[in-house]
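Report on one structure; see the data block that follows.
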């Protein structure tokens, strides 16, 4: 949180400052095994989003599946950038948490 606050202070309000929750290419099993985070993926994402908002950042990169719970946990104006959106029937590639 301290580094995010320092980034916000250094940048000022000239530009939007966005953090990453969990990469959309990360599954819950991968998060638990490789990052040693023993909560659900959703709980982890919400935790990171709350910390990001607490630090004064403008939003997060997250799965479209998580936008509603993030906005409920932070505020309706909190930015959620969602890279894992695909057309119906399109290959998901390396993404684990996508929406159409």
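Residue numbers (UniProt numbering): 1 to 100. All residues carry an ideal CB built from backbone N, CA and C; glycine is no exception.
Taking DSSP as the reference, what is the three-state secondary structure of residue i?
| i | result |
| --- | --- |
| residue 88 | coil |
| residue 64 | helix |
| residue 53 | helix |
| residue 27 | coil |
Just curious, the beta strand (DSSP E) that residue i is in, first and last residue?
| i | result |
| --- | --- |
| residue 10 | Note, residue 10: premise wrong, no beta strand (DSSP E); alpha helix (DSSP H) at 2–11. |
| residue 37 | Per DSSP, residue 37 belongs to no beta strand (DSSP E) and is neither H nor E. |
| residue 81 | 79–81 |
I'd like to confirm the pairing. Which residues does DSSP put opposite residue i in its beta bridges?
| i | result |
| --- | --- |
| residue 18 | 59 |
Less than 8 angstroms between the CB atoms is what I'm expecting for residue i and residue j, so what's the real figure, rounded?
| i | j | result |
| --- | --- | --- |
| residue 55 | residue 1 | 5 angstroms |
| residue 41 | residue 22 | 6 angstroms |
| residue 62 | residue 71 | Wrong, their Cβ atoms sit about 10 angstroms apart, outside the cutoff. |
State buried or exposed for residue i, treating a residue as buried only when at least 16 other CB atoms are found within 10 Å of its CB.
| i | result |
| --- | --- |
| residue 78 | buried |
| residue 29 | exposed |
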